[in-house]
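Chemist:
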Amino acid sequence: MPGAFDAMLGTPPGIQLIRRLRGKEWNLHTYRYVVLLLTFIAYACYHASRKPTSIVKSVLDPKPVANDSFHSIWPIGNLFVKETELGDNHSGSRDKGWEPFNGKDGTVKLGEIDVAFLACYSLGMYVAGHLGDSLDLRLFLTTGMVGSGIFVVLFGMGYFWDIHAFWFYLAMQMIAGLFQATGWPSVVAVVGNWFGKRKRGLIMGVWNAHTSVGNISGSLLAACVLQYGWGWSYILPGGLIFLGGIMVYMLLAAYPEDVGLPSPYAFDSHTADIGTKDAEIFVHKEELDLSEAGDAHRSGSISRLNAVGLLQACLIPGVIPFALCLFFAKLVAYTFLFWLPFYLSHTRIGGEYMSVKSAGNLSTLFDVGGIVGGILAGYISDRLEARAITAASFMYLSIPALVLYRIYGGLSKSMNVMLMMLAGLFVNGPYALITTAVSADLGTHSSLKGNSRALATVTAIIDGTGSVGAALGPLLTGIISTRGWDAVFVMLIIGAAVAGLLLSRLVFAEFIEKTAKQTPSVVQRQHDIAGSASQPLLRDQR
C-alpha cells in the first residue's frame with residue numbers, strides 16, 4: 003500500500019506516458035505552459051458548474067418577461083433568452099415552474115439555496131486550504147472536481163427522478179459548495195509553486211480570466227440544452243468538471259519536484275531575496291538526470307509534509323490586512339455580480355427601460371472590464387514591486403468610478419457601457435490581484451523558514467474571508483435597495499474606501515521600503531558625479 007500511494011504522489015501517469023512516447027523530457031517552459039493551461043481549464047470548469055442555477059431560475063420559478071427594447075447590445079443576442087418548452091411529460095412545465103420553487107415563496111427558496119451554497123463554500127475554504135497544503139494538490143484537486151461534478155449532476159437528476167422535496171436540492175447545493183471550496187486554494191497554490199514572484203502579478207492577472215471564461219462557458223452549455231429539460235443544464239456542466247478532474251489527475255504536475263525539477267522555495271533559507279532570484283534559478287535549470295529527479299522528488303515529498311496550521315498562516319505579515327481588504331472588495335464585486343442585471347432592468351437608461359434578459363446580457367460587460375483590470379493590476383504591481391500600493395490605489399479609484407456610474411450611467415446606453423466597464427476595471431482589479439499574486443506571495447513568505455509551505459492555506463484564509471463579504475454584500479443590497487439605489491451605492495463606496503484603508507499600514511511599509519532602496523542609489527550617483535568632477539582638478543594640481 004505505501005508503495006502504491008507513493009506512486010500516486012509521483013509523476014502524473016499522463017506525463018509518464020508522454021515521456022515514454024517522446025523518449026525525452028519536457029523543458030521547464032513547457033511544464034509551465036502546461037500547468038497554466040490545465041489550472042486555467044480546471045477553474046473554468048469550477049465556474050461553469052456554478053452557472054446552471056442562474057440559467058434555470060426562470061424555469062423553476064417563472065416570472066413574466068417585459069418587452070425587449072434593447073436588442074443586439076451583446077454579440078450573442080438572444081442566445082440566452084430563447085423561449086424553451088420542457089414538455090408535458092414532467093409535472094413542472096415551463097408555465098407552471100417546478101415545485102417547490104414555483105410557489106409564493108419560490109424566489110425565497112432559490113435565494114436560500116444560493117446562500118447555503120456560499121456559506122458552505124466559505125466555511126469549506128478554510129478547511130480546504132489547510133488540507134491542500136497537507137495533502138498532494140493533484141489528488142486533492144482531482145477529488146474536488148470529481149465530487150463537484152457528481153453533486154451537480156445529482157441536482158439535475160432531480161428533474162428526471164421527478165423529485166420535489168426542497169431538502170434534496172438544498173443538500174445537493176451544500177455538498178457541492180464544500181467540494182467547490184477545494185478549487186481556488188489548489189489552483190493558486192499550483193501556479194505559485196511553478197512561477198517566481200517577479201512576473202507573478204502579470205501572469206496571474208492574465209490567468210485569472212478563467213473566471214469569466216468559465217461563467218460564459220457554463221451559461222452557453224446550460225442554455226443550449228435547456229429546451230430538452232432543465233436537468234440537462236446541470237448534467238452537462240457537471241459532466242464537464244468530472245472529466246476535467248480526470249484530466250487533472252492524468253496530466254497536472256502540482257509540484258516541480260514531481261517531474262524532477264527543484265522547488266525555488268528550497269532556497270529560502272539561503273537566499274535573502276528569493277522573490278527576485280527564484281525565476282533565474284528556475285529558468286537556468288532546464289533538465290535533470292534521473293538520479294537528480296529522484297532526489298528532488300524525495301525532497302519535495304518531505305517538504306509537503308511540513309504544512310503550516312491556520313493560526314501560523316494568519317500570523318504571516320500581510321495575511322490579515324489583505325484578507326479583510328478582500329472582504330470589502332468582494333462585497334462590492336459580488337453586489338454587482340448578483341444585482342447589476344436587476345439594477346439595469348429597474349433603471350431608466352437613455353429614457354427607456356430594458357428587459358431583465360437584456361440587462362443580463364449587458365451586465366457581462368462589467369466582467370470584461372474586470373478582465374482588463376486584473377491584467378492591468380498584475381502588470382503594475384510587478385513593475386512597481388508593490389502589491390499593497392497597487393491594490394489600494396485601485397480601490398480608491400473605484401470610488402469616483404462608482405459615483406460617475408450612478409450619476410451619468412443613465413444618460414445613454416453607450417455612456418452606461420463605458421462607465422460600467424470602467425467600474426469593473428477598478429473594482430475587479432484588486433480583487434483579482436489579491437486572490438492570485440498576493441496570496442501566492444504570502445504563501446511563500448520569508449517568515450516560513452525551511453521547507454514549509456502555506457500557499458493553499460493562505461489562499462483559503464484570504465479568499466474564504468472575502469467569500470463572507472461576497473455573501474454579505476448581496477444580502478445587504480436586498481435590504482437597502484428598498485430605500486433607493488443611492489443608498490446602495492453609498493454602501494459600495496464605503497466598502498471600497500474601507501478596503502483601501504485596511505491596507506494603509508502595508509502601503510506605508512512598501513513606500514518606506516522603496517524610498518530606502520532608492521536613497522542609496524541616489525547617494526551613489528552623487529558620489530560618482532563628485533568623484534568624476536574632482537579628477538580634472540587633481541590633474542591640474544599635479
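Be aware that the sequence shown starts at 3, since it is given in our numbering, and climbs by one per residue. By construction, the Cβ of each residue, glycine as well, lies at the ideal position given by its N, Cα and C atoms. A quick note: this is a predicted structure, and the numbers were derived from the prediction, not measured.
1) Let's test the definition: count the other Cβ atoms within 10 Å of the Cβ of leucine 19 and tell me whether it reaches 16, buried, or not, exposed.
2) Is it buried or exposed, arginine 22, if we count other Cβ atoms within 10 angstroms and call 16 or more buried?
3) Taking the beta carbon of leucine 317 as the centre, do at least 16 other beta carbons fall within 10 Å, making it buried, or is it exposed?
4) Counting only runs that start and end within the stretch 123 to 197, where is the alpha helix (DSSP H) found for 4 or more residues in a row?
5) Under 8 Å, with one C-beta from each stretch per pair, do the stretch 368 to 387 and the stretch 205 to 217 reach the 3-pair mark?
6) Is there at least one non-hydrogen atom of the ligand SAH closer than 8 Å to the beta-carbon of methionine 422?
7) Cβ atoms of leucine 421 and glycine 431: under 9 Å apart, would you say?
8) Taking contact to mean 3 or more Cβ pairs, one atom from each stretch, closer than 8 Å, check whether the stretch 462 to 469 and the stretch 129 to 148 are in contact.
9) Three or more beta-carbon pairs under 8 Å between the stretch 151 to 167 and the stretch 219 to 226, yes or no?
10) In three-state terms, what does DSSP make of glutamate 354?
11) Who are the Cβ neighbours of glycine 246 in its own chain at under 7 Å, not counting the five residues just before and after it?
12) Do three or more CB pairs link the stretch 479 to 489 to the stretch 321 to 328 at distances below 8 Å?
13) Roughly how many angstroms lie between the CA atoms of aspartate 297 and isoleucine 57, to the nearest whole one?
14) In angstroms with no decimal places, state the Cα-to-Cα distance between isoleucine 481 and phenylalanine 329.
15) May I ask you to report which of helix, strand or coil DSSP gives glutamate 515?
16) Provide the residue span of the alpha helix (DSSP H) that contains asparagine 217, from first to last.
17) Which full runs of the alpha helix (DSSP H) of 4+ residues lie inside the stretch 414 to 445, going along the chain?
18) With three or more C-beta pairs closer than 8 Å as the rule, is the stretch 395 to 403 touching the stretch 166 to 185?
19) With distances taken from CA atoms, which of Lys332, Ser235 and Val500 is nearest threonine 437?
20) Going straight from the alpha carbon of leucine 477 to that of methionine 397, what length do you get?
21) Using DSSP with H/G/I as helix, E/B as strand and the rest coil, what is glutamate 101?
22) Between the beta-carbon of methionine 174 and the beta-carbon of valine 192, is there less than 9 Å?
23) Between which two residues does the alpha helix (DSSP H) harbouring lysine 556 extend?
24) With distances taken Cα to Cα, identify the nearest neighbour of alanine 546 among Thr517, Arg507, Val470 and Ala394.
25) What are the boundary residues of the alpha helix (DSSP H) that threonine 337 is part of?
26) Per DSSP, what kind of secondary structure is glycine 411 in: helix, strand or coil?
Modeler: This is what the structure holds:
1) Sequence index remark: in the sequence shown, residue 19 carries index 17 (1-based). Leucine 19 comes out exposed.
2) If you number the sequence shown from 1, residue 22 lands on position 20. Label assigned to arginine 22: exposed.
3) On the sequence shown, residue 317 is found 315 positions in, with the first residue counted as 1. With fewer than 16 other CB atoms across the displayed protein chains lying within 10 angstroms of its CB, leucine 317 is exposed.
4) Entirely contained in the stretch 123 to 197, the alpha helix (DSSP H) runs reaching 4 residues are, in chain order, 139 to 162, 168 to 182 and 185 to 196.
5) By the C-beta criterion, the stretch 368 to 387 is judged to be in contact with the stretch 205 to 217, since at least 3 inter-stretch pairs fall below 8 Å.
6) With respect to the ligand SAH, the structure offers nothing, as it holds no ligand at all.
7) Numbered from 1 along the sequence shown, position 429 holds the residue referred to as residue 431. Numbered from 1 along the sequence shown, position 419 holds the residue referred to as residue 421. It is not a contact, given that the beta carbons lie outside the stated cut-off.
8) With the cut-off at 8 Å, the stretch 462 to 469 and the stretch 129 to 148 touch.
9) Touching, no, given that fewer than three Cβ pairs across the two stretches are closer than 8 Å.
10) In the sequence shown, the residue the question calls residue 354 occupies position 352. Reduced to three states, the DSSP call for glutamate 354 is strand.
11) The sequence position of residue 246 within the sequence shown is 244, counting from 1. Within the same chain, glycine 246 has close Cβ partners Ile43, Ala44, Cys47 and Met147.
12) Segments in contact, no.
13) Here residue 297 is taken as the residue at index 295 of the sequence shown, counted from 1. Here residue 57 is taken as the residue at index 55 of the sequence shown, counted from 1. Any reading at aspartate 297 must be qualified, since the residue scores a pLDDT of 44, below 50, and its modelled position is unreliable; the value itself is stated next. The alpha-carbon atoms of aspartate 297 and isoleucine 57 are separated by roughly 50 Å.
14) Mapped onto the sequence shown, residue 481 falls at position 479. Mapped onto the sequence shown, residue 329 falls at position 327. One Cα belongs to isoleucine 481, the other to phenylalanine 329, and the distance between them is close to 19 Å.
15) Mapped onto the sequence shown, residue 515 falls at position 513. Three-state DSSP puts glutamate 515 in a helix.
16) For the purposes of this step, residue 217 is taken as residue 215 along the sequence shown, with counting starting at 1. Asparagine 217 -> alpha helix (DSSP H) spans 212 to 226.
17) The stretch 414 to 445 contains these whole alpha helix (DSSP H) runs: 415 to 435 and 441 to 445.
18) Under the Cβ criterion (8 Å, minimum of three pairs), the stretch 166 to 185 does not count as touching the stretch 395 to 403.
19) What you label residue 437 is simply residue 435 of the sequence shown in a count that begins at 1. Out of Lys332, Ser235 and Val500, Lys332 has the C-alpha closest to the C-alpha of threonine 437.
20) As a working note, residue 477 is residue 475 in the sequence shown. As a working note, residue 397 is residue 395 in the sequence shown. The alpha-carbon atoms of leucine 477 and methionine 397 are separated by roughly 22 Å.
21) Start at 1 with the first residue of the sequence shown, and residue 101 comes out as number 99. In this structure, glutamate 101 counts as coil in the three-state DSSP scheme.
22) The sequence position of residue 174 within the sequence shown is 172, counting from 1. The sequence position of residue 192 within the sequence shown is 190, counting from 1. Contact annotation: methionine 174 and valine 192 have beta-carbon atoms that are not nearer than 9 Å.
23) Because residue 556 is not part of the residues shown, which for the chain are 3 to 544, the question remains open.
24) This structure leaves residue 546 out entirely; the chain is present only between 3 and 544.
25) The residue you call residue 337 lines up with position 335 of the sequence shown. Threonine 337 -> alpha helix (DSSP H) spans 321 to 347.
26) As a working mapping, residue 411 is identified with position 409 in the sequence shown. Glycine 411: coil per DSSP, three-state reduction.
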